Amino acid sequence: MDRQVSKYEVPSYEIVEEKIKEIDGSIIVFRIFYIFMQIAYKFQLIKNDRLCTIEIPRKMLEGLKARNVMLEEELTRLLDSTIQHADCWNKV
Numbered sequence: 100m101d102r103q104v105s106k107y108e109v110p111s112y113e114i115v116e117e118k119i120k121e122i123d124g125s126i127i128v129f130r131i132f133y134i135f136m137q138i139a140y141k142f143q144l145i146k147n148d149r150l151c152t153i154e155i156p157r158k159m160l161e162g163l164k165a166r167n168v169m170l171e172e173e174l175t176r177l178l179d180s181t182i183q184h185a186d187c188w189n190k191v
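Counting from 100, one number per residue, gives the positions in the sequence shown under this note's numbering.
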């Protein structure tokens, strides 16, 4: 079972939230889990009555602390491609 974590435990949470809001301001970060076996964070996003899950590697989030431009662009591409993909959003 993946452990649920608070936003305060996630490296660079503010940057992730900011990028999500840039893509679509109506999306809310619902829950975050730490996936130990994959060393990643799983973000569950909600928009209206739909849920989308995105996994972001911990190394990427830790690298964002230093405002690494390449990692920020990679994060933006990951979030944008996942959020814009209709298959990501499941009715809750």
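For each residue, glycine too, the CB sits at the ideal point set by N, CA and C. Computed from a prediction, not measured in an experiment: that's the story for all the values here.
Report task. In the DSSP assignment, find the alpha helix (DSSP H) that holds Lys-118 and state where it starts and stops. Result -> Its alpha helix (DSSP H) spans residues 112-122.
Report task. Give the straight-line distance between the Cα atoms of Val-180 and Asp-123, rounded to the nearest whole angstrom. Result -> Going by the sequence as given, residue 180 is Ser instead of Val. So the alpha carbons of these two residues sit roughly 12 Å apart.
Report task. Using beta-carbon positions only, say whether Ile-155 and Ala-139 come within less than 8 Å of one another. Result -> A contact, by the Cβ cut-off of 8 Å.
Query raised in the report: Among the residues of its own chain, which have a CB less than 7 Å from the CB of Arg-102, if the five just before and after it don't count?
Result: Closer than 7 Å at Cβ, skipping near neighbours: Phe-132 and Tyr-133.
Query raised in the report: Under 8 Å between C-beta atoms, does Lys-146 make it to chain B?
Result: The structure shown has no chain B; it contains just one protein chain.
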